[in-house]
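J.: By the count of my numbering, the sequence shown reaches residue 477 at its end, each step adding exactly one.
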Amino acid sequence: MKIEIRGDKLLITKAIKNYIEEKLSKLDKYFKKPENITAKITLKVRGRSKIIEVTIPLNSFILRNEEEHGDLYAAIDLVVDKLERQVVKNKTKIKSKPLKSKNIEIIFEDEEEVLEKPEVIVKRKKLEMKPMSEEEAILQMNLLNHDFFIFKDAETNHIHVLYKRKDGNYGIIETK
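1. Distance check for Asn470 and Phe452, CA to CA, integer angstroms please.
2. Determine, using beta carbons only, whether Thr343 and Ile306 come nearer to each other than 9 Å.
3. Please report the distance separating the alpha-carbon of Ile422 from that of Ser434.
4. Taking the alpha-carbon of Ala441 as reference, which of Lys465, Glu420 and Glu456 has the nearest alpha-carbon?
5. With DSSP run on the structure shown, which of helix, strand or coil describes Asn319?
6. Could you check if Lys333 is buried or exposed, using at least 16 other CB atoms within 10 Å of its CB as the buried criterion?
7. Please report the distance separating the alpha-carbon of Phe362 from that of Tyr331.
If you want it as structure tokens, here you go:
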């Protein structure tokens, strides 16, 4: 796997680069042609925490994960473990639906299947959407103590998803 590392307010030393390459090489066994895959890594510092973001674009989907920890090397270990679980989970899902994913399946190396619990929808809600402003939606979301809130925009009448970002700010996903 090719690796591109970028530091944001952090100097990337040879030791850090080697450690990341060594850890991410664990993922090579899951792909038929790891030399055709590029992992994009961003290392950041936020206060006393070190953050590692790893993005691996594949044929029809993207593997992405991030970890925040006081120790950069611990963050690297944790994010690679998360990515490995994500690869195994997606590989199992994709192989169970071969008709829809012929182009995806070729990226995974064949090895023993891992049995995972199927994902099940355990709750379903119906919402009455009354039009409101973005400010009202933020207020409602905070009153409900949720991380996201679905609302109908009063100006456009489109459905939007308001969400709280990790940095404490808000984001909106707008539908057309």
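All C-beta atoms in this analysis are idealised placements derived from N, C-alpha and C, irrespective of residue type, glycine included.
T.: Put simply:
1. 18 Å
2. yes
3. 30 Å
4. The amino acid at residue 441 is misidentified as Ala; the sequence shows Gln. Looking at the Cα atoms, Lys465 is the closest of the given residues.
5. helix
6. exposed
7. 15 Å
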